[in-house]
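Working notes for the structure below.
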Amino acid sequence: MPEAFRKTQFHLRVSALCWSQKPLKERRPKRSSEIILISGGNTGLGLEIVRALCRSSRSYKILLAGRSLEKAAAATEKLASKQPNGSTTVEPIQLDVDDDESINSACKFVEEQFGRLDVLVNNAGANFDRELYLGKVSLREAWNKSWAVNTVGSHVVSSVFTPLLLKSADPRLIFIASGTATLHGQTKEERFTDRAPAKGWSKEELGWSAYRSAKTGMNMMMREWARVLKGRQGQSVRSKPRSAGYWARRRSRITEADGSHRSTDWSRARHISY
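This note's numbering puts the first residue of the sequence shown at 41, with every later residue one more than the last.
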């Protein structure tokens, strides 16, 4: 890990969602509510981040982005009745990270409505390894889709929105990483995705090979963003990855090869970070 990252004081509070090289109390005051865009904000971890921000005592303008505007609007409506902080507002926005036209339209909307963006959370992601295992997609499709959504999508979204981030007094660029993408931890075989399968070919299942490879690529892409944006335009856009782990406190269903389901209580799982 570069020296610059080791020295950086990383403050992560899901309720505040910020980091800084200075103590939080020394950070410059905001001229108005921070404008935060969260891709994939209508479900899973993205929705949990939105909920946490809504519970914060600070005021935010949250743009809850989803591939479907209808689903983003439905998630926003559900949040409205459970939002204790009346000064924070949530607005649905359509954003498909695998569609350039959608990305450009979303950026144009943010520019016209607000003129800037303070925080971009690249949360949207997908795991296609299970679909490959179930025979729903081909090997090539699984790998291409994994990289298109998890790595390329985050890069394109960041590229398009960077001009708006640079108009912020305190811009932040966040990437949701994965504990499965650590190269060092992979040799420890602590996770099921790191353990060798039974001998022989073909394998019944190869784990999350496509997903974790794409997330590993995203880690280097994030470091490239940190390098490129450091000190540019008279300021630095702080860029940092954070492992998704099991923040989303919900009960998930895992589909087996025979079509049966089993539930997993992620709320009891340990948060993974690296």
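From the three backbone atoms N, C-alpha and C, an ideal C-beta is built for every residue, glycine too.
For R95, the uninterrupted alpha helix (DSSP H) segment begins and ends at 84-95. Per the Cβ contact rule, the region 248-266 is in contact with the region 208-217 (3 or more Cβ pairs under 8 angstroms). Each residue's CA atom was taken as its position, placing C94 and D140 some 29 angstroms apart. When only Cα atoms are considered, A92 and L160 end up about 16 angstroms apart. Counting along the chain, no alpha helix (DSSP H) covers R212; the unbroken beta strand (DSSP E) around it starts and ends at 212-217. A residue is called buried once 16 or more other Cβ atoms fall within 10 Å of its Cβ, and K176, having fewer, is exposed. Excluding residues up to 5 positions away in sequence, W248, A250, Y251 lie with their Cβ nearer than 6 angstroms to the Cβ of D169 in the same chain. The beta carbons of G126 and A164 sit no closer together than 8 angstroms. Cβ neighbours of A188 within its own chain (closer than 6 angstroms, five residues either side excluded): D138. Unbroken alpha helix (DSSP H) stretches of 4 residues or longer found wholly inside the region 125-161: 140-154, given in chain order. Around the Cβ of K148, a 10 Å sphere holds fewer than 16 other Cβ atoms; the residue is exposed.
Per DSSP, K101 lies in no alpha helix (DSSP H); the unbroken beta strand (DSSP E) holding it starts and ends at 100-106. Taking a contact as a CB-CB distance under 8 angstroms, the pair N82 and A115 counts as one, their CB atoms being some 4 angstroms apart. From the listed residues Q153, L157, K185, the smallest Cα separation to I78 is found for L157. When DSSP states are grouped into helix, strand and coil, L205 belongs to the helix group. For L77, the enclosing beta strand (DSSP E) begins and ends at 74-78.
At a Cβ-Cβ threshold of 8 angstroms, G257 and T191 count as neighbours. Short of 7 angstroms from the beta carbon of K111, and not among the five residues preceding or following it, lie these beta carbons of its own chain, in chain order: N82. For G80, same chain residues with a beta-carbon under 6 angstroms away, outside a window of 5 residues either side, are G86, N163, A164 in chain order. For W265, the uninterrupted alpha helix (DSSP H) run begins and ends at 249-269, by DSSP.
Contact between A113 and S186 is absent: CB atoms are separated by about 28 angstroms, not below the 8 angstroms threshold.
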